[in-house]
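Peer 1: Read top to bottom, the protein sequences are chains A and B. Numbering-wise, the first sequence is residues 238 to 777 according to the numbering used here. Numbering-wise, the second sequence is residues 143 to 325 according to the numbering used here. Attaching a single structure in structure tokens format; questions to follow.
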Amino acid sequence: MMNDEMGHPGDEAMLRYADGELSEADAGRIRLHLETCGRCRGELEDLRATLSACAHYHQVETRFPPPAPWGDLSRQLATLDEAPSAFARLCQALRSHAASSRRWTVAALALACAVIYWVTDTPSARAEQLLRKAAAVESAKPAPRRIQIRSKTRTVTRRTGALPAPSDVSDRDTWPSLEAQFRAANYSWEDPLSARSFMEWRDRLPEKRDDLVTDRSGYQVRTTTHSSDLVEATLKLRAEDLRATEGTLEFRNHERVEISELPEEAAPSSVASVRPEASSDPHPELPRTQPGDSAATVAATPGGELRVFAALRRLGADMGEPIEVTRTERQILVAGVGLDPQRAREIQDALSSLPNVAVRFSEPAPAPVSPSAPEASSPAASSEAVRLLRSRLEAQLGGRGPFEQFAEQALEGAEALMTGVHALRRLSQRFAPETESQLNAEERRLLEKLRGELTHLVLQRETEIQDLMKPVLGAPPASRNSAIVSKQVAAEELFRAARQVDRLVSIVFGGAAVEQAGPLEPQLRSSLAELRAAMEACMR
Amino acid sequence: MLSLLYEESLLMGDRELGAASLRDQVARLFEEAREDVYRYLLTLGLAPPQAQEAAQDVFLRLYVALKKGEEIRNPRAWIFRVAHNLGLKIRRRRDLPSFAPGLEARIPDPARDPEEDLLERERLRRIDRGIQELSEQQRNCLFLRMEGLRYAEIGAVLGIGAPTVGEFLRRAMAKLKKVLHDE
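What follows is the structure in structure tokens.
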């Protein structure tokens, strides 16, 4: 399992570990190794990132929903049973081939099964099913939007969907001749780019022919008829949500009209959505503000903010990344500084479906040039204390090399602890009791879940650093039982304790400036004990 | 209700079970696994309508097999094995080219800011390039893993041993890691 003389697991073992394919014993050995090997932890992280990129690719690759609703299999099976001849033919086909080969003949079977599909598998039936489904989606989620209507001679742009704003009404009358043609053909002028309008026109036709073209971007329904002034209409439905995105209408007088959806200039009032503000420039700072001046704008709620935190949690972007979340009355601003473009992209994607969220990424401001002398003084006595402790630890660990390795782990461990604690504290601060009381029951459950996840992560990191320190410092002294009641206070207490541990670890192992005198070892030991107590309080 | 997919063995040819109950069980499996099978068939290069049709066929065949008294030890592996063979045969029989439109057509959310799309495209293009360079077996292993199959199950689907699956996946990951990090 361990592949080289240093005991590092090989690539395959690591992959099997990540995939949960190892025996408990082998997985345990790797887990143990990972605890002490930064290099392998890095490799595991790398591997997980690749797996997650694959998963994303796979999702994109297979995001095309089945073109028709799934048939009722029970009924089809019953039909098979009720039609003994079909079933016998099927079995016969299987048997005759089983003699020569144990494998089934797919062709014969598919042929027999095709009987079942004849009824439901015509382009018309599929087009109809698809349109009904798309129309149902439209009514469930009415989405006001801007569309463009073009003919050879003219182009108009207007808003459709839910109730048009009064200011749009005048637009609607700007093309009377075309409107009259629509009405004569029984095709909705008000909402011409929708599955419902297409279906209503199509349903009234006494005679029609349908074609359905499916590709990976979606479906195109085309209906032609001789019994309407509108002799041919096509409608494109987007694969992921069956939203109508493009249509063409061809009238008997050869007028051809193309209708397409335009990107929103401003998010519509009832469905204000993310306006990603980064561009291909890795970190542009676009001062675009979120639309939200309309009186109908849905206010940005604590629940909305919570969902932003949940989305960031799913990506692990709530820990140790320079991302700030702020909520005003109307919007939730997620601001990231100096993120790499790919990460920025992931975050934008994750937030794109949430309402009233604005995302802004920017480059970090150049660091101020300062001839910074360390602010804190380093009293000789304290420096001496550091030297003493270091030499004791070096002796205990077996030399300078092992000490350096230990020091690196301690610093990494403290940093990991701090990022977790910061995330937990931020969540507690953003959702203090008075804010929490504004959440509904479901949101409260979500908050609890997030808190639980973060607490668990912090606990892991806390355990790691305690386990690391215990052999050299001894078990932390028993600490007083904390009487902390609220989660917010517990998170604050945990933050304070973790910061103290982090500070001392930086002094002892990272050469940070010493701010106070005193023997360091007992301080470190008691700070770990306080950390333990605070952690326990958080989990109560 | 417990998932039948994870049962260790299905023996539904049992006379006591009766046709209606057998139908119900297959219908339940169908509801549970049809989307997974459909997706896997898409990755084999079938177009959506063919993939949907083939996915339904798989479950009809499952019903026939069980009705004949065949014991199915691992339903999930069985279903994917049949889907795999069926998918390949459909492509061969109809002499279809692999259904693989340009990557552009596969990028989600056409309404998104085009500049933003560039980043997404670039990342997907890289991984797409890597996946195209994988051997067919490596690719199949990878996509079956994405559907949540264990190595032993993937082995049963593709007719290879679980250690070979591990080796295929290792090579696939090495290649993909490389293309993702290549500048």
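Just so it is clear, CB atoms sit at the ideal spot from N, CA and C, and this is done for glycine as well.
Does E298 (chain A) pass the burial test, meaning 16 or more other C-beta atoms within 10 Å, or should it be called exposed?
Peer 2: Indexing the first sequence from 1 puts residue 298 (chain A) at position 61. Looking at its Cβ environment, which holds 16 or more other Cβ atoms inside 10 Å, E298 (chain A) is buried.
Peer 1: So, helix, strand or coil for Y293 (chain B), using DSSP?
Peer 2: As a first step, residue 293 (chain B) must be located in the second sequence, where it is residue number 151. In this structure, Y293 (chain B) counts as helix in the three-state DSSP scheme.
Peer 1: When the cut-off is 8 Å and only beta carbons count, does L284 (chain A) lie next to chain B?
Peer 2: For the purposes of this step, residue 284 (chain A) is taken as the residue at position 47 of the first sequence. Cβ-Cβ to chain B under 8 Å: yes for L284 (chain A).
Peer 1: Are at least three pairs of beta-carbons, each pair with one atom in the region 587 to 597 of chain A and one in the region 534 to 546 of chain A, less than 8 Å apart?
Peer 2: yes
Peer 1: Would a check of beta-carbon distances place H491 (chain A) closer than 8 Å to chain B?
Peer 2: Locating residue 491 (chain A) in the first sequence gives position 254, where the first residue counts as 1. It does not: the Cβ of H491 (chain A) has no partner Cβ on chain B nearer than 8 Å.
Peer 1: Between which residues of its own chain and K445 (chain A) is the CB-CB distance below 6 Å, once the five residues before and five after are set aside?
Peer 2: Numbered from its first residue, the first sequence carries residue 445 (chain A) at position 208. Excluding positions up to five away in sequence, the list reads T460 and T462.
Peer 1: Checking contacts by CB at 8 Å: is D466 (chain A) closer than that to chain B?
Peer 2: For the purposes of this step, residue 466 (chain A) is taken as residue 229 along the first sequence, with counting starting at 1. Chain B contact via Cβ: absent.
Peer 1: With a Cβ-Cβ cutoff of 8 Å, do L588 (chain A) and V458 (chain A) count as a contact?
Peer 2: Position 351 of the first sequence holds residue 588 (chain A). Position 221 of the first sequence holds residue 458 (chain A). Contact: no.
Peer 1: Assign I302 (chain B) to one of three DSSP states: helix, strand, or coil.
Peer 2: Indexing the second sequence from 1 puts residue 302 (chain B) at position 160. Residue state, collapsed to three classes: coil.
Peer 1: For L654 (chain A), tell me which candidate among A:V742, A:D428, A:P756 and A:R762 has the shortest Cα-Cα distance.
Peer 2: Here residue 654 (chain A) refers to the residue found at position 417 of the first sequence. L654 (chain A) has its Cα closest to that of A:V742, out of A:V742, A:D428, A:P756 and A:R762.
Peer 1: Please check if any C-beta of chain B sits within less than 8 Å of the C-beta of D318 (chain A).
Peer 2: Counting from 1 along the first sequence, the entry for residue 318 (chain A) is found at position 81. It does: the Cβ of D318 (chain A) has a partner Cβ on chain B nearer than 8 Å.
Peer 1: By the three-class DSSP mapping on this structure, what secondary structure does E309 (chain B) have?
Peer 2: The sequence position of residue 309 (chain B) within the second sequence is 167, counting from 1. It is helical.
Peer 1: Taking the alpha carbon of L780 (chain A) as the reference point, which residue from A:E498, A:A481 and A:E365 has its own alpha carbon closest?
Peer 2: Since the displayed chain A opens at 238 and closes at 777, residue 780 (chain A) lies outside it and no answer follows.
Peer 1: Can you say whether R332 (chain A) is buried or exposed, counting buried as having 16 or more other CB atoms within 10 angstroms of its CB?
Peer 2: Within the first sequence, residue 332 (chain A) is the residue found at index 95, counting from 1. At R332 (chain A), the pLDDT of 45 sits below 50, so the modelled position is not reliable; the number obtained from the coordinates is stated separately. R332 (chain A) is exposed by the Cβ-count criterion.
Peer 1: Using a Cβ-Cβ cutoff of less than 8 Å, which residues in the same chain neighbour T392 (chain A) once the five nearest sequence positions on both sides are dropped?
Peer 2: What you label residue 392 (chain A) is simply residue 155 of the first sequence in a count that begins at 1. Counting only Cβ-Cβ distances below 8 Å, and skipping sequence neighbours, we find Q385 and I386.
Peer 1: Using the three-state DSSP reduction, which class does L676 (chain A) fall into: helix, strand or coil?
Peer 2: Here the question's residue 676 (chain A) lines up with position 439 in the first sequence. Of the three classes helix, strand and coil, the one that applies to L676 (chain A) here is coil, per DSSP.
Peer 1: Please specify which runs of the alpha helix (DSSP H), each continuous and at least 4 residues long, are wholly inside the region 453 to 504 of chain A, giving them in chain order.
Peer 2: none
Peer 1: Since A770 (chain A) is in the beta strand (DSSP E), which residue starts that stretch and which ends it?
Peer 2: Residue 770 (chain A) sits at position 533 when you count from the first residue of the first sequence. Segment L757 to M776 is the alpha helix (DSSP H) holding A770 (chain A); no beta strand (DSSP E) there.
Peer 1: Of the residues A:G748, A:C775, A:L252 and A:R777, which one's Cα is nearest the Cα of E280 (chain A)?
Peer 2: Taking the first sequence and counting its residues from 1, the one referred to as residue 280 (chain A) is at position 43. Comparing Cα-Cα distances from E280 (chain A) to each of A:G748, A:C775, A:L252 and A:R777, the minimum goes to A:L252.
Peer 1: Could you tell me which of B:Y182, B:L204 and B:G211 sits nearest to R217 (chain B), measuring between CA atoms?
Peer 2: Working through the second sequence from its first residue, we reach residue 217 (chain B) at position 75. What sits at residue 217 (chain B) in the sequence shown is Pro, not Arg. With distances taken between Cα atoms, P217 (chain B) lies closest to B:L204.
Peer 1: Just to check my reading of the structure: T272 (chain B) and K317 (chain B) have Cβ atoms closer than 8 Å, yes? What is that Cβ distance to the nearest angstrom?
Peer 2: Translated into positions along the second sequence, residue 272 (chain B) becomes position 130. Translated into positions along the second sequence, residue 317 (chain B) becomes position 175. The sequence as given places Gly at residue 272 (chain B); Thr does not occur at that position. Their Cβ separation, rounded to whole angstroms, is 5 Å, which keeps G272 (chain B) and K317 (chain B) in contact under 8 Å.
Peer 1: CB-CB under 7 Å to S434 (chain A), same chain, minus the five flanking residues each way: which ones, in chain order?
Peer 2: Along the first sequence, read from residue 1 onward, the residue named residue 434 (chain A) stands at position 197. These residues qualify, in order along the chain: Y424, S425 and D428.
Peer 1: Please report the distance separating the alpha-carbon of R493 (chain A) from that of G229 (chain B).
Peer 2: Residue numbering aside, residue 493 (chain A) sits at position 256 when the first sequence is read from its first letter. Residue numbering aside, residue 229 (chain B) sits at position 87 when the second sequence is read from its first letter. Their backbone Cα atoms lie some 41 Å apart in a straight line.
Peer 1: Output, in chain order, the set of chain A residues within a Cβ distance shorter than 7 Å of L266 (chain B).
Peer 2: What you label residue 266 (chain B) is simply residue 124 of the second sequence in a count that begins at 1. Simply Y294 and V297.
Peer 1: May I ask you to verify whether the region 768 to 776 of chain A touches the region 638 to 647 of chain A, counting CB pairs closer than 8 Å and requiring at least 3?
Peer 2: no
Peer 1: Counting only beta-carbon atoms, is K285 (chain B) nearer than 8 Å to chain A?
Peer 2: Taking the second sequence and counting its residues from 1, one reaches residue 285 (chain B) at position 143. Before going further, note that residue 285 (chain B) is Phe rather than Lys in the sequence given. Closer than 8 Å: yes.
Peer 1: Leaving out five residues on either side along the sequence, give the residues of the same chain with a beta carbon under 6 Å from the beta carbon of A314 (chain B).
Peer 2: To locate residue 314 (chain B), count along the second sequence from 1; it is residue 172. Counting only Cβ-Cβ distances below 6 Å, and skipping sequence neighbours, we find L276, Q280 and L284.
Peer 1: Look at the alpha carbon of V745 (chain A) and the alpha carbon of E174 (chain B), and state the distance between them as a whole number of angstroms.
Peer 2: Residue numbering aside, residue 745 (chain A) sits at position 508 when the first sequence is read from its first letter. Residue numbering aside, residue 174 (chain B) sits at position 32 when the second sequence is read from its first letter. So the alpha carbons of these two residues sit roughly 56 Å apart.
Peer 1: With 8 Å set as the bound, which would you pick, yes or no: does the beta-carbon of R253 (chain A) sit closer than that to a beta-carbon of chain B?
Peer 2: Your numbering for residue 253 (chain A) matches position 16 in the first sequence. Among the CB atoms of chain B, one or more fall inside 8 Å of the CB of R253 (chain A).
Peer 1: What does G308 (chain A) touch in chain B if you count any residue whose Cβ is under 8 Å from its own?
Peer 2: Residue mapping note: residue 308 (chain A) aligns to position 71 of the first sequence, counting from 1. Within 8 Å Cβ-Cβ: Q198.
Peer 1: Quick one: complete alpha helix (DSSP H) runs, 4+ long, within the region 635 to 677 of chain A?
Peer 2: 637 to 667 and 670 to 673
Peer 1: Between R276 (chain A) and the rest of its own chain, which residues show a CB-CB distance below 8 Å, the 5 nearest in sequence each way excluded?
Peer 2: For the purposes of this step, residue 276 (chain A) is identified with residue 39 of the first sequence, where counting begins at 1. Taken in chain order, the residues that qualify are H245.
Peer 1: Which of helix, strand or coil does DSSP assign to A189 (chain B)?
Peer 2: Working through the second sequence from its first residue, we reach residue 189 (chain B) at position 47. In this structure, A189 (chain B) counts as coil in the three-state DSSP scheme.
Peer 1: Thinking C-beta only, is L286 (chain B) closer than 8 Å to Y182 (chain B)?
Peer 2: Taking the second sequence and counting its residues from 1, the one referred to as residue 182 (chain B) is at position 40. Taking the second sequence and counting its residues from 1, the one referred to as residue 286 (chain B) is at position 144. Taking 8 Å as the Cβ cut-off, Y182 (chain B) and L286 (chain B) qualify as a contacting pair.
Peer 1: When the Cα atoms are used, what is the spatial distance from G303 (chain B) to E282 (chain A)?
Peer 2: Your numbering for residue 303 (chain B) matches position 161 in the second sequence. Your numbering for residue 282 (chain A) matches position 45 in the first sequence. Computed Cα separation, rounded: 27 Å.
Peer 1: Where does the unbroken beta strand (DSSP E) through F598 (chain A) begin, and where does it stop?
Peer 2: Locating residue 598 (chain A) in the first sequence gives position 361, counting from the first residue. V594 to S599 is the span of the beta strand (DSSP E), which, as asked, contains F598 (chain A).
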